Amino acid sequence: MAALARERHIGGGGLGQRNEEADHGGFLTQEGEGRPEDSAGPARTPAHMRPGPSFSGRAAPTVSHRGGTRGRASCYGPRAPMSTFVIESTRSGFVESLHTVSVAVVSAEGSLVASAGDPDRATFWRSAAKPFQSLPMVQDGAADRFGFGPRELALACASHSSEPVHRALAMRMLAASGCDERDLACGPHPSLSPAVAEEALKAGVVLTPRWNNCSGKHAGMLALARHHGWDLQGYASAGHPVQERIQDEIAKWTGLPRDALVTGVDGCVAVCFGLPLRAMATGWARFGISEDPAARRLREAMLAHPELVAGKGRACTDLMTAFRGEAVVKIGAEGVYCAALPRARLGIALKVEDGDARCATPALLAVLRALADPHGLSLPMTGLEHHAEPRLLNTRNEVVGSLRAAGALGFV
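Residue numbers (the numbering used here): 13 to 424.
What follows is the structure, given as structure tokens:
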């Protein structure tokens, strides 16, 4: 691994709209297009750490090894120096809110490479776990038995926008395994795409479970149950063989003992798993380089069909399209975002501490910018400005502010 600076600033960069993405059933907020007028300049110091409202443009204060204060000990191994990383929400040039972000960047060998905040902060993985939840379906032969190709595998990993192609593909997966929409345990919700949601509302469409952004994942779980001859009833609930099989797989990829995984109920009613960011990043790093046939097929499916992993204008789709195989990414609800960088053999997991979904994509892009040069990665940001520094609009669609990253990653 190339020598890395102890800290690398991740704010600034002159990067402007994004969709407010979340893996739940709410409508999204469109936040304008183009470059915000106040987005240029170096990393900014969080307002609460500045000597008054000077907006001097200095980077956020950090703690480094060289200052004599070493990273805290951890049961998971060494920590990077504690660094401050926030997303600033600005209004009329004034920092209105700060959203603290914790980050873990881990090698495929399980070593912490860089971090901000608390890399061992435990939280629910939410939809950023979907590739791992889909592994048993492929490993156990269900995908092959029912003729699932790359498109179906991509949808199984998706938080999709309920576009016609997504809904049709979910129904095709169900039919292939001898199931129908009534078997889906996930309830319906409006599309995560404002345009699709508005169109359905105007047309008076009665939403059904295929509209759920997780319907591809659920169709895959049903296929796994059907393949093994397990009861379809309760397939999404804790204790069902489908969920037991998934939990075993997640423990294996993250390196955690099975009983160390916290289980909860996700928004789509399936089991969700709580674990430290460092363990999530470890799983993603391994997923990014694994020659395991199932992992490789899922990874390649996501990269080949990013339009199925999210949808038009959504961050996961746009990032994987722009990065052309350099990064596999998946957002989760409550400010979680994960990524694999196969060529660098790295995994990333981050959590916006207050759960603000608007901040997750700007945070991930800031981390990717900080990692690109040291690892020789080609991660072009052109065309992603609306994701990197979303513009904030008032009710007359006038730009009044933006979201922007400030601070630094600490490198081990």
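Cβ coordinates follow ideal geometry from the N, Cα and C atoms, glycine included.
Here the structure is a predicted model, which means the values were calculated and not measured.
Check your understanding: By Cβ distance, which residues of its chain are closer than 7 angstroms to Cys328, with the 5 residues on each side in sequence left out?
Key -> Pro318, Val321, Ala322, Val341, Lys342 and Ile343
Review point. Going by beta carbon distance, what residues of the same chain come within less than 8 angstroms of Leu196, once the five residues before and after it are set aside?
Key: Leu186, Pro221, Arg222, Asn224, Ser227, His230, Ala231 and Leu234
Exercise for review: Please name the residue in Met149, Glu210, Pro176 and Arg298 whose C-alpha comes closest to that of Ala168.
Suggested key: Met149
Point to revise | Secondary structure of Pro288, DSSP reduced to three states | key: strand
Point to revise | Residues that Thr112 bridges to, as DSSP identifies them | key: Val98
Point to revise | Leu268, DSSP secondary structure in three states | key: coil
**Study point:** CA nearest to the CA of His239, picked from Phe160, Leu204 and Gly279
**Key:** Phe160
Review point. If you run the structure through DSSP and keep just helix, strand and coil, what is Phe423?
Key: strand
Practice item. Put Phe106 into one of helix, strand or coil per three-state DSSP. Key: strand
Check your understanding: Under a three-way DSSP split, which group does Ala417 fall into?
Key -> strand
Check your understanding: Do we get a CB-CB distance below 8 angstroms when we pair Glu303 with the residues of chain B?
Key -> Considering every chain present, this structure includes no chain B. It has just one protein chain.
Exercise for review: Confirm, please, whether the CB-CB distance from Ala141 to Ile262 is below 8 angstroms.
Suggested key: yes
Check your understanding: DSSP state of Ala170, grouped into three classes?
Key -> coil
Check your understanding: Which parts of the stretch 186-216 are runs of the alpha helix (DSSP H), unbroken and 4 residues or longer, counting only runs that do not cross its ends?
Key -> 206-215
Review point. Near Leu181, what residues of its chain come up, given a Cβ to Cβ distance below 8 angstroms and the 5 sequence neighbours on each side ignored?
Key: Arg163, Glu164, Leu167, Gly228 and Leu320
Practice item. Look up Ser139 in the DSSP assignment and say whether it is helix, strand or coil. Key: helix
Review point. In angstroms, rounded to a whole number, what distance separates the CA positions of Gln259 and Asp130?
Key: 24 angstroms
Check your understanding: Between Val281 and Cys198, which are expected to be in contact by the criterion C-beta below 8 angstroms, what is the C-beta distance as a whole number of angstroms?
Key -> 6 angstroms
Practice item. Using three-state DSSP, classify Lys363 as helix, strand or coil. Key: strand
Review point. Do you know offhand how far Ser114's Cα is from Leu362's?
Key: 6 angstroms
Practice item. Give the DSSP-derived three-state secondary structure of Val218 in the structure shown. Key: coil
Exercise for review: For Gly122, name the three-state secondary structure that DSSP assigns.
Suggested key: coil
Point to revise | Span separating the alpha-carbon of Ala372 from that of Asp304 | key: 29 angstroms
Exercise for review: Find the nearest neighbour of Val364 within the set Trp265, Glu211 and Cys350, judged by alpha-carbon distance.
Suggested key: Cys350
**Study point:** Residue range of the unbroken alpha helix (DSSP H) whose run includes Arg157
**Key:** Ala154 to Arg157
Exercise for review: Thinking Leu219 and Pro200 are a contact (beta carbons under 8 angstroms), I'd like their distance in whole angstroms, please.
Suggested key: 4 angstroms
Check your understanding: Got a sec? Which residues, its chain only, sit under 7 angstroms from Asp368 by beta carbon, not counting five neighbours each side?
Key -> His111 and Gly347
Practice item. With DSSP collapsed to three states, give me the class of Arg336. Key: coil
Check your understanding: At which residues does the alpha helix (DSSP H) containing Leu275 begin and terminate?
Key -> In the sequence on display, residue 275 carries Thr and not Leu. Careful: Thr275 lies outside any alpha helix (DSSP H), inside the beta strand (DSSP E) at Val274 to Val277.
**Study point:** Separation of Leu391 from Leu380, as counted between CA atoms
**Key:** 8 angstroms
Review point. Using the C-alpha atoms, what's the distance from Ser146 back to Ala170?
Key: 10 angstroms
Point to revise | Rounded separation between Ala345 and Ser139 - CA only | key: 7 angstroms
Point to revise | 8 angstroms Cβ cutoff met for Gly286 and Phe144 | key: no
Check your understanding: Would you report the Cα separation of Thr333 and Ala128, rounded to the nearest angstrom?
Key -> 27 angstroms
Check your understanding: Distance, Cα to Cα, Leu268 vs Thr407?
Key -> 47 angstroms
Exercise for review: Helix, strand or coil for Val281, going by three-state DSSP, please let me know.
Suggested key: coil
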